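Numbering (this note's numbering), first residue to last: 80 to 361. Accompanying notes for the structure given below.
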């Protein structure tokens, strides 16, 4: 299967998952009509989503999986969800990183999308607890010349915190916490498992929650990266309140009522535009 076909399959599955969550369930024949694909294609998509643990197949269709507050999907499972929204968010958020700044980038798939754009900003110092984010910068650190690989001028200085690896490929625990406590960041970019008025920012992983608290305390400015599906989701442990957040960058799928609630509580809400643009601020 080609890269383009893979991408189309990922986009289709993201649409199916969004429909399942929005409606509480879908039927195969409804999806074949809406997506203009075969019955077999829809069933393969539902099989793939069921293997990722995000839907449960039932006779004739699928329903959402009722996730416990302690459930933490792995990086690969999350990486295929809301792809276009994550790219839109990354495109808007990268404008908040200035040349020469000291920034922190916490773990998660949206932060991973952002990292792929941050590599073009010169002279950054990047502290991260994400193995995936660190790999992005490492891969882009060198360019080819007649004399072989050469370090790119202005390539970021990257500090990987160390710690115990989680299912989402982030490093947490006392080693990570000690490293973060000793540092100070101009901006923190952080993804979340869930965000709500009552619970604030939350995660299903207790150790990750503690590491995230240190990130938030060490940053002058906290920028949260969260697609619309994260609003109203609550994980086991809260690590910050909405009062700790300076900017929320989300996508156009966030309902108007949620936008109004957020705009009342945060200094800045950025709704990223699809396929370009740098986002609408509220």
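Glycine included, every Cβ here is placed at the ideal spot set by N, Cα and C. Predicted model only: the values in this text are computed from it and were never measured.
Can you tell me which of the three DSSP states residue i falls into?
i           : result
residue 158 : Low confidence applies to residue 158: its pLDDT is 49, below 50, so where it sits in the model is not reliable, and the reading given next is rough at best. In the structure shown, residue 158 sits in a helix (DSSP, three-state: H, G or I).
residue 122 : helix
residue 342 : helix
residue 147 : Residue placement at residue 147 cannot be trusted, given a pLDDT of 47 that sits under 50; what the coordinates show is reported in the next sentence. In this structure, residue 147 counts as coil in the three-state DSSP scheme.
residue 333 : coil
residue 299 : coil
residue 317 : strand
residue 209 : strand
residue 266 : strand
residue 84  : Model confidence at residue 84 stands at a pLDDT of 49, short of 50, so the residue's coordinates are unreliable and nothing is read from them.
Please identify the residue among the options whose C-alpha is closest to the C-alpha of residue i.
i           : options            : result
residue 187 : 283, 311, 335      : 283
residue 305 : 169, 235, 250      : 169
residue 257 : 122, 204, 95, 289  : 289
residue 93  : 193, 128, 173, 135 : 128
residue 271 : 233, 189, 239, 172 : 189
residue 298 : 325, 308, 312      : 325
residue 113 : 265, 91, 301       : 91
residue 178 : 342, 98, 203       : 203
residue 138 : 332, 192, 105      : 105
residue 349 : 307, 279, 196, 181 : 307
residue 316 : 171, 215, 278, 208 : 278
residue 259 : 352, 209, 344, 217 : 209
residue 340 : 107, 311, 351      : 311
residue 314 : 346, 296, 281      : 281
Check whether the Cβ atoms of residue i and residue j lie closer than 8 Å to each other.
i           : j           : result
residue 198 : residue 183 : no
residue 220 : residue 234 : yes
residue 319 : residue 292 : yes
residue 322 : residue 351 : no
residue 99  : residue 141 : yes
Provide the residue(s) that pair with residue i in DSSP beta bridges, ordered along the chain.
i           : result
residue 23  : Because the chain spans 80 through 361 in this model, residue 23 falls outside it and cannot be assessed.
residue 327 : 303, 348
Contact check, residue i vs residue j under 8 Å by CB: the rounded distance?
i           : j           : result
residue 266 : residue 302 : 6 Å
residue 176 : residue 200 : 5 Å
residue 96  : residue 134 : 7 Å
Does any heavy atom of the ligand ATP sit closer than 7 Å to the C-beta of residue i?
i           : result
residue 106 : Looking for the ligand ATP in the displayed structure turns up nothing, as the structure carries no ligands at all.
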